[in-house]
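Residues 1 to 184, numbered by the UniProt record's numbering, are exactly what the sequence shown covers, in order.
Note that beta-carbon positions come from the ideal geometry of N, C-alpha and C, so glycine has one too.
Here is the structure we will look at.
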Amino acid sequence: MALQQKGRAMALLVMVASMGLGGCMGQMGLSGMVTKGNLSVVDNRYARAGVFMLLSPVYGLAATADLFVFNTIEFWSGKNPITGKSPAVVDMKANPVIKVNQHLDPALKKVPLAMLPQGVREVEISYPDEHTAQMEVHYLDGRRSMMRGEKRGELMDIYFDGRFVSTLSRAELEERANQGKAAA
Numbered sequence: 001m002a003l004q005q006k007g008r009a010m011a012l013l014v015m016v017a018s019m020g021l022g023g024c025m026g027q028m029g030l031s032g033m034v035t036k037g038n039l040s041v042v043d044n045r046y047a048r049a050g051v052f053m054l055l056s057p058v059y060g061l062a063a064t065a066d067l068f069v070f071n072t073i074e075f076w077s078g079k080n081p082i083t084g085k086s087p088a089v090v091d092m093k094a095n096p097v098i099k100v101n102q103h104l105d106p107a108l109k110k111v112p113l114a115m116l117p118q119g120v121r122e123v124e125i126s127y128p129d130e131h132t133a134q135m136e137v138h139y140l141d142g143r144r145s146m147m148r149g150e151k152r153g154e155l156m157d158i159y160f161d162g163r164f165v166s167t168l169s170r171a172e173l174e175e176r177a178n179q180g181k182a183a184a
């Protein structure tokens, strides 16, 4: 019995977490397309209401897809994949009651994927073991690069595409990290 309750609790936790990570605010582009289609079927208000009732399952599916897929893509990329419009709804200028941007790190005010350098599609960071960190960069043209750091005592050996580049001390790594924060 207790095992069954733990399973239910875990399922509920996974469901709540997935809704928290997805379900972003956005333009609801697919739902808008369904509405536009509904309005173009007939010109009479009562007939449109009837078509709306018939299409209600389609509206539900479109809204669900918008909420959990397309709006999430819009949130993280800054552009809605259905409408092609940007900026994302959450980045549009408004006259807010509560202003927090002035108190935040500049990195928290930008679209996450827009911060990638030009020509970069994706960056994957992994830690194969406790002494190694690696970053694989995927470019838009299909190329890939790999930067790897291997800890050796207080030193870090840096490799780029398998070739040794440099060795940095902990102090040098911290200094470079601070320089990067200051530049952002």
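Residue interval of the beta strand (DSSP E) (run including residue i)
{"i": "V137", "result": "T132 to Y139"}
{"i": "R163", "result": "R163 to S169"}
Bridge partners - residue i, DSSP secondary structure assignment
{"i": "G149", "result": "A133 and I158"}
{"i": "R144", "result": "H138"}
{"i": "E172", "result": "Answer is none; E172 lacks a bridge partner."}
{"i": "residue 193", "result": "The first residue shown for the chain is 1 and the last is 184, placing residue 193 beyond what the model contains."}
Between the CA atoms of residue j and residue i - distance to the nearest angstrom
{"i": "H138", "j": "G32", "result": "33 Å"}
{"i": "R121", "j": "D43", "result": "45 Å"}
{"i": "A11", "j": "F68", "result": "18 Å"}
{"i": "R45", "j": "G37", "result": "14 Å"}
{"i": "R143", "j": "L55", "result": "45 Å"}
{"i": "K151", "j": "R163", "result": "16 Å"}
{"i": "V100", "j": "V165", "result": "41 Å"}
{"i": "S6", "j": "G78", "result": "Sequence check: residue 6 is Lys here, not Ser. Approximately 38 Å between the Cα atoms of the pair."}
{"i": "G149", "j": "Q179", "result": "19 Å"}
{"i": "I125", "j": "E174", "result": "19 Å"}
{"i": "Y127", "j": "P96", "result": "41 Å"}
{"i": "A133", "j": "L155", "result": "13 Å"}
{"i": "A62", "j": "H131", "result": "46 Å"}
Segment limits, alpha helix (DSSP H) that includes residue i
{"i": "N71", "result": "N71 to S77"}
Whole-Å CB distance - residue i paired with residue j, under 8 Å assumed
{"i": "V89", "j": "G26", "result": "5 Å"}
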